[in-house]
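Take my numbering: the last position of the sequence shown gets the number 759, and nothing is skipped along the way. First comes the structure, then the notes that go with it.
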Amino acid sequence: MPHTTAFARNQWYVAAYSTEVGREELLGRTILGEPLVFYRTEEDGRPVALHDRCVHRRFPLSESRLEGDRIVCGYHGFTYDTTGACVYVPGQKRVPRTARVTAYPVVEQDSLVWVWIGDPALADPRTIPRARHLDSPGWTTVQGMEPIDADYGLLVDNLLDLSHETYLHGGYIGTPEVAETPITTEVDEGAGIVRVSRHMDDAECPPFYARSTGIEGRITRWQDIEYHAPCLYLLHSRIAPVGVLPEADGSDPNGFHTEITYAITPSADGKVYDFWMVSRDWATDDDEVTAFLRDNNHTVVMQDVDALNLLQRTLGSERTGYQELSINIDTGGLAARRILARLVEEGDKPVERAL
405 MPHTTAFARN QWYVAAYSTE VGREELLGRT ILGEPLVFYR TEEDGRPVAL
455 HDRCVHRRFP LSESRLEGDR IVCGYHGFTY DTTGACVYVP GQKRVPRTAR
505 VTAYPVVEQD SLVWVWIGDP ALADPRTIPR ARHLDSPGWT TVQGMEPIDA
555 DYGLLVDNLL DLSHETYLHG GYIGTPEVAE TPITTEVDEG AGIVRVSRHM
605 DDAECPPFYA RSTGIEGRIT RWQDIEYHAP CLYLLHSRIA PVGVLPEADG
655 SDPNGFHTEI TYAITPSADG KVYDFWMVSR DWATDDDEVT AFLRDNNHTV
705 VMQDVDALNL LQRTLGSERT GYQELSINID TGGLAARRIL ARLVEEGDKP
755 VERAL
């Protein structure tokens, strides 16, 4: 695989958690190579995204200050409104016609702030994939974000092939059965969705679940992935003691359901933001379980971070023409690569998603 995956610009990407965007501090993020600054308006609290460089001497606006709903550049005082228009320059009354920065379409949904870097005329909020469990009643979520010095395609590969849990995350979420169990893969090319499932009827209970659920002995473990290219990854995880089956109506009172969400947001070439979230519908008020899952999952994520940083450096030193080997477990990742390449090639056509 090339160690640089091209960016599909006319798509929605997660730029931040809702809790990260406020008025006390301006938030700077680089998305698809574009430096952005985020804040909320004073009147209705909606998020705003502007290009993060003053037109005058390129000073970062994220290192400046708010005055009402306007950003005042911290270097020479150039002042911008929520549309990106410069409304004040020092030492003169006339504001140059070209004194404006780009304003980007922003949508806040499911506790996430999404941004559109491409043609704003194509930015349809209805095409943003949902992760309703992130702010639904009855769910508790722990979350974090880690920047990785690796191509975002490597993170997509990593998350669509969970067999690596056995080897990279042993002692946390990995057990022998994850690598040993065959996968099923479904691809909806038109919708840009890849589904990869692994159902283990009799598996060892990894410490991640044994310590948080109290289950002793072996478990039934289901991992059902939905990857919505290019940004959102959902892992629907179910575990239950062996022999405990769902009810006829599909309900599962004796099972433990965990929604594991990743937002895979390219920052620049060879750099990606890894937003990770673990949501559960059990022991939702148990602070000890919450702390354990947060710490444990952060350790797992950092194992991925270290592995992908190493892999990126390794790929950068490979000889020209090197050919990788792919096997059955790579089916989902290869499908994702095809979809990402198509999104880049089509350019101005956002993914059509079911509403």
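Where is the CB? At the ideal position from N, CA and C, for every residue including glycine. Predicted model only: the values in this text are computed from it and were never measured.
Check: Buried or exposed: which applies to residue 749, given that a residue is buried once 16 or more other Cβ atoms fall within 10 Å of its Cβ?
Finding: On the sequence shown, position 345 is the one that residue 749 refers to. Label assigned to residue 749: exposed.
Note to self: Using a Cβ-Cβ cutoff of less than 7 Å, which residues in the same chain neighbour residue 636 once the five nearest sequence positions on both sides are dropped?
What the structure shows: As a first step, residue 636 is located in the sequence shown; it is residue number 232 there, counting from the start. Here residue 636 has 533, 535 and 667 as same chain residues with Cβ atoms under 7 Å from its own Cβ, once five neighbours each way along the sequence are excluded.
Next item on the list: Spell out the partners DSSP gives residue 592 in its beta bridges.
Entry: Sequence index remark: in the sequence shown, residue 592 carries index 188 (1-based). Paired residues: 597.
Check: Nearest CA to the CA of residue 617: which residue from 575, 639 and 662?
Finding: Counting from one through the sequence shown, the residue named residue 617 turns up at place 213. Considering only alpha carbons, the answer is 662.
Item checked: Test item: CB-CB of residue 462 and residue 488 under 8 Å -> The count along the sequence shown starts at 1 and reaches residue 462 at position 58. The count along the sequence shown starts at 1 and reaches residue 488 at position 84. No, the Cβ-Cβ distance between residue 462 and residue 488 is not below 8 Å.
Check: What are the start and end residues of each continuous beta strand (DSSP E) run of 3 or more residues lying completely inside the region 620-699, in chain order?
Finding: Whole beta strand (DSSP E) segments, 3+ residues: 623-632, 636-645, 660-672 and 675-684.
Next item on the list: Identify whether residue 421 lies in helix, strand or coil by the three-state DSSP scheme.
Entry: If you number the sequence shown from 1, residue 421 lands on position 17. Residue state, collapsed to three classes: strand.
Notebook entry, point to check: Which term fits residue 566, buried or exposed, when burial requires 16 or more other beta carbons within 10 angstroms of its beta carbon?
Noted result: Here residue 566 refers to the residue found at position 162 when the sequence shown is read from its first residue. Around the beta carbon of residue 566, 16 or more other beta carbons sit within 10 angstroms, so the residue counts as buried.
Item checked: Closest residue to residue 600 among 609, 562 and 482 (Cα-Cα distance) -> Working through the sequence shown from its first residue, we reach residue 600 at position 196. Nearest to residue 600 by alpha-carbon distance, out of 609, 562 and 482, is 562.
Notebook entry, point to check: Does DSSP put residue 499 in a helix, in a strand, or in coil?
Noted result: Translated into the one-based positions of the sequence shown, residue 499 becomes position 95. Note: residue 499 maps to coil in three-state DSSP.
Checklist line | Inter-stretch contact at 8 Å, needing at least 3 Cβ pairs: the region 537-549 / the region 711-730 | finding: Verdict: no, contact absent.
Note to self: Given this structure, state the Cα-to-Cα distance separating residue 456 from residue 465, to the nearest angstrom.
What the structure shows: Here residue 456 is taken as the residue at index 52 of the sequence shown, counted from 1. Here residue 465 is taken as the residue at index 61 of the sequence shown, counted from 1. Rounded to whole angstroms, the separation of the alpha carbons of residue 465 and residue 456 is 5 Å.
Note to self: Nearest by alpha-carbon distance to residue 780: which of 722, 429 and 529 is it?
What the structure shows: The requested residue 780 is not part of the displayed model; the chain covers only 405 to 759.
Next item on the list: Just the C-alpha distance for residue 406 and residue 676, rounded to the nearest angstrom, thanks.
Entry: To locate residue 406, count along the sequence shown from 1; it is residue 2. To locate residue 676, count along the sequence shown from 1; it is residue 272. In this prediction, residue 406 has a pLDDT of 45, which is less than 50 and means its spatial position is unreliable; what the coordinates show is noted afterwards. Each residue's alpha carbon lies about 15 Å from the other.
Check: Does the region 414-423 come close enough to the region 522-529 that 3 or more CB-CB pairs lie under 8 Å?
Finding: Touching, per the Cβ criterion.
Next item on the list: Kindly indicate which three-state DSSP category residue 554 falls into: helix, strand or coil?
Entry: The sequence position of residue 554 within the sequence shown is 150, counting from 1. Of the three classes helix, strand and coil, the one that applies to residue 554 here is coil, per DSSP.
Notebook entry, point to check: Can you name the start and end residues of the alpha helix (DSSP H) that residue 745 belongs to?
Noted result: Within the sequence shown, numbered from 1, the residue matching residue 745 stands at position 341. Note, residue 745: alpha helix (DSSP H), 735-750.
Check: For residue 639 versus residue 598, is the C-beta spacing smaller than 8 Å?
Finding: For the purposes of this step, residue 639 is taken as residue 235 along the sequence shown, with counting starting at 1. For the purposes of this step, residue 598 is taken as residue 194 along the sequence shown, with counting starting at 1. No. Outside cutoff.
Check: Quick one, which of 515, 718 and 724 has its alpha-carbon nearest residue 665's?
Finding: For the purposes of this step, residue 665 is identified with residue 261 of the sequence shown, where counting begins at 1. That would be 515, whose Cα lies nearest to the Cα of residue 665.
Next item on the list: Could you check if residue 695 is buried or exposed, using at least 16 other CB atoms within 10 Å of its CB as the buried criterion?
Entry: Along the sequence shown, one-based indexing puts residue 695 at 291. It is exposed - the Cβ of residue 695 has fewer than 16 other Cβ atoms within 10 Å.
Notebook entry, point to check: How many angstroms separate the CA atom of residue 422 from the CA atom of residue 724?
Noted result: As a working note, residue 422 is residue 18 in the sequence shown. As a working note, residue 724 is residue 320 in the sequence shown. Cα to Cα, residue 422 sits roughly 43 Å from residue 724.
Next item on the list: Sort 433, 427 and 460 by Cα distance to residue 446 and report the nearest one.
Entry: Translated into positions along the sequence shown, residue 446 becomes position 42. That would be 427, whose Cα lies nearest to the Cα of residue 446.
Checklist line | Three-state secondary structure (DSSP) of residue 434 | finding: Residue 434 sits at position 30 when you count from the first residue of the sequence shown. Secondary structure of residue 434 (DSSP, three-state): strand.
Notebook entry, point to check: In angstroms, rounded to a whole number, what distance separates the CA positions of residue 629 and residue 588?
Noted result: Here residue 629 refers to the residue found at position 225 of the sequence shown. Here residue 588 refers to the residue found at position 184 of the sequence shown. If I take the Cα positions, the gap works out to 10 Å.
Note to self: For residue 785 and residue 495, what's the separation of their Cα atoms in angstroms?
What the structure shows: No information on residue 785 is available, as it lies outside the stretch 405 to 759 that the chain covers here.
Note to self: On the CB-based measure, 16 or more other CB atoms within 10 Å of its CB, does residue 480 come out buried or exposed?
What the structure shows: Position 76 of the sequence shown, counted from the first residue, corresponds to residue 480. So residue 480 ends up on the exposed side.
Checklist line | Residue burial classification, residue 594 (beta-carbon count within 10 angstroms, cutoff 16) | finding: Taking the sequence shown and counting its residues from 1, the one referred to as residue 594 is at position 190. With fewer than 16 other Cβ atoms within 10 Å, it is exposed.
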